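Shown next, in structure tokens, is the structure this report addresses.
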Amino acid sequence: MTADGRAAPVLSPGCALCATPGDFGPHNPTEPRSGLCPACVAAGKPTRDGLEQAVVIVAGQALTGAETLDLADATPEELAYHLGAVKRSLRGLLQLLARVAGEEDR
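If you count by our numbering, then the sequence shown holds residues 4 to 109, one letter each, in order.
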């Protein structure tokens, strides 16, 4: 906390959103794009490319969470949650790859 009552910037070794390694500056909670990598900044823009990038980031986070799950010690609830997260992530990625109606072949 700074002297004027505002939150102090937090130095981090990577992107504040997707944890991509690198130096993207300090993360200041009062500035929306501070501490974000270029991919996360692009994902925040209201364009198709931004939406695609956002889905890829979220899917990557969900898959990373599922990969860290220890299957031998996981409860049935944890397994159900993580399998559901993987399913939603893969569905989102497949929807991005699906051809949009009216769009020419790429």
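Note that the Cβ used here is the ideal one computed from N, Cα and C, for glycine as well.
Being a predicted model, the structure only gives us computed values, none of them experimental.
With 16 other Cβ atoms within 10 Å as the buried cut-off, status of residue i
| i | result |
| --- | --- |
| residue 62 | buried |
| residue 77 | exposed |
heavy atom of the ligand PLP below 6 Å from residue i C-beta
| i | result |
| --- | --- |
| residue 45 | Judged by which ligands are present, the structure shown has none, so any question about the ligand PLP falls away. |
Three-state class that DSSP yields for residue i in the structure shown
| i | result |
| --- | --- |
| residue 24 | strand |
| residue 47 | coil |
| residue 17 | strand |
Proximity winner among the options, relative to residue i (alpha-carbon distances)
| i | options | result |
| --- | --- | --- |
| residue 98 | 58, 33, 32 and 75 | 58 |
| residue 92 | 52, 67 and 51 | 67 |
Rounded separation between residue i and residue j - CA only
| i | j | result |
| --- | --- | --- |
| residue 4 | residue 33 | With a pLDDT of 48 at residue 4, under the threshold of 50, the modelled position of that residue is not reliable, and the figure given next carries that caveat. So the alpha carbons of these two residues sit roughly 12 Å apart. |
The region 17–27 touching the region 36–54, judged by at least three CB pairs closer than 8 Å = yes
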